[in-house]
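Numbering (the numbering used here), first residue to last: 46 to 595.
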């Protein structure tokens, strides 16, 4: 990782280290009842016991409905489960639902819940809890909106319920204690994948109604392989759930330490001191870690994008020509050349391996002369320079600093002065949530293997991940069409058209995709991230014991 943060999509914080192609599996309509929900078999016989120690930025919340970055996703995915999950091959597999069937018209989905799934307080998971979870995401009284919220508009009655126009949600029904029936207004090509998103992890109705959302967030009760045992300003501790329906975890505990504000190495020094077992290292640490006989560096193909975000509402960036000038000024090729082993130049928004990805350039090309022309047309030039534009970032690693310096130099070359403001991850998150950052550096990691994880999550008008204030009727219309097109070739062409349309208006400058890397002690087995990053690693299948051959 090339910075201090990673988010789906989830926002991944600041800039990080670049993805190469990965085959996207075609999800089956249903999985067998005994399918492994979270991972495949391990290569060696595991042993039980031990504590896995990691480090990351502090999560803003442990409530699934509030998960908006990988920092929330990592603990949330250990504490909670959804109806289904997405495995390392990007296929949909059972989780709390042991099986399901889809009606021939593609509108009805019926899920059978596992009879052995229980919350951490010992209460069984029921269909009523599932219905409550959906209603909670759509609740018109909610202060904020979950990242999964816009995806649920396809459910029958969801829009009227979310607007407070109806108390009924006919598209989500409990047929009995263990059967849930969902009904859509039209077939959706990625609906099963949507059900695996963080915001739809199932929560206990009784606990939430009794304790309230604030108390629940402080003491979350899920069904997952780990439960929250302790939490303070320095970190949190997860204890194994011996009654987990997927089998008791091999680990006793997970000790998740939080990065300090003064750490610019992502926790590398803690790793070298033996304080943690797993590290997402800055790029410059990879040679040392690769040479360490007690460390294995696991590289993985990640569905990710690092980008420069531009506000479409804050002057002077509210002028399309100014944003286009910025896009023409940035030399993406030079950014990749700084770290070619872990970066791949972004030719558009969608990463390699994502459905609808194509390698042909879709964005505005690097053209400083054209950038100057656009600025002059907007009324800015040597005699009337543009006021300095604030650029916010939380990245502090040397490689991330070099990236920042290169972008600043590119912009200054065409006459755009940048006011760099390095802030903490929490401060950056607050500012972009408030749409109060003119320019910002961010990374995005897909939470479902579907182009909507980028294009809808980031650019649909009014959604929580649209940090740019981008509001375009044509984009919205094409995104709505994308939820209805079932032919994969036609859908891919539509999303490429959406990419080109968005990039022409320049609310975003795609920079590069990353090849993920994680340093793991040789005594740790089974910690193998997939295309959606470390947040989805099934820690119940990780174990500690003995050295491993490198």
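The beta-carbon is built from N, C-alpha and C at its ideal position, and this holds for glycine as well.
Check: Proximity below 8 Å, CB of residue 191 to CB of residue 244; Outcome: yes
Check: Segment contact, 8 Å Cβ cut-off, at least three pairs: the stretch 338-346 with the stretch 415-423; Outcome: no
Check: Short Cβ contact (8 Å threshold) for residue 273 with residue 96; Outcome: no
Check: Which of helix, strand or coil DSSP assigns to residue 339; Outcome: coil
Check: Residue 130 versus residue 236 - alpha carbon distance; Outcome: 12 Å
Check: Under the three-state DSSP convention, the category residue 444 falls into; Outcome: helix
Check: Residue 100 versus 110, 90, 120 and 93, residue with shortest Cα-Cα distance; Outcome: 120
Check: Residue burial classification, residue 477 (beta-carbon count within 10 angstroms, cutoff 16); Outcome: buried
Check: Contact under 8 Å by Cβ, residue 331 with residue 342; Outcome: yes
Check: Residue 438 in three-state terms, based on DSSP; Outcome: strand
Check: Proximity to residue 354 [Cα-Cα], best of 410, 547 and 569; Outcome: 547
Check: Beta-carbon proximity check, residue 580 vs residue 495, cutoff 8 Å; Outcome: no
Check: Member of 387, 512, 212 and 571 whose CA lies at the smallest distance from the CA of residue 560; Outcome: 387
Check: Beta carbon of residue 271 nearer than 8 Å to that of residue 285; Outcome: yes
Check: Outcome for residue 114 when other beta-carbon atoms lying within 10 angstroms are tallied against a minimum of 16; Outcome: buried
Check: First and last residue of the uninterrupted alpha helix (DSSP H) at residue 374; Outcome: 365-374
Check: Residues near residue 362 by beta carbon distance below 6 Å, same chain, minus five either side; Outcome: 355, 356, 368 and 483
Check: C-alpha distance - residue 591 paired with residue 502, whole-angstrom precision; Outcome: 43 Å
Check: Outcome for residue 269 when other beta-carbon atoms lying within 10 angstroms are tallied against a minimum of 16; Outcome: buried
Check: Unbroken stretches of the beta strand (DSSP E), 3 residues or longer, contained in the stretch 80-129; Outcome: 96-101
Check: For residue 575, the nearest candidate out of 555, 493, 526 and 537 (CA to CA); Outcome: 493
Check: DSSP-derived helix/strand/coil call for residue 300; Outcome: strand
Check: Residue 452 in three-state terms, based on DSSP; Outcome: helix
Check: Residue nearest to residue 408 in terms of C-alpha spacing, selected from 556, 91 and 506; Outcome: 556
Check: Residue range of the beta strand (DSSP E) that includes residue 144; Outcome: 142-147
Check: Exposure label - residue 578; buried when at least 16 CB within 10 Å; Outcome: buried
Check: Coarse secondary structure for residue 493, derived from DSSP in three states; Outcome: coil
Check: beta-carbon residue 411 near the ligand COA non-hydrogen atom, thresh 7 Å; Outcome: The model on display carries no ligand, and the ligand COA is accordingly not part of it.
Check: Nearest candidate by alpha-carbon position, reference residue 290, set 519, 165, 431 and 335; Outcome: 165
Check: From 364, 352, 412 and 365, residue whose alpha carbon lies closest to that of residue 393; Outcome: 352
Check: Member of 298, 281 and 204 whose CA lies at the smallest distance from the CA of residue 585; Outcome: 298
Check: Through-space distance from residue 167 to residue 287, alpha-carbon basis; Outcome: 11 Å
Check: Beta-carbon gap between residue 416 and residue 373 smaller than 8 Å; Outcome: yes
Check: Other residues of its chain near residue 515: CB distance less than 6 Å, five sequence neighbours each side excluded; Outcome: 357, 504 and 552
Check: CA-to-CA distance, residue 93 to residue 136, given in whole angstroms; Outcome: 28 Å
Check: C-beta atoms of residue 467 and residue 441 nearer than 8 Å; Outcome: yes
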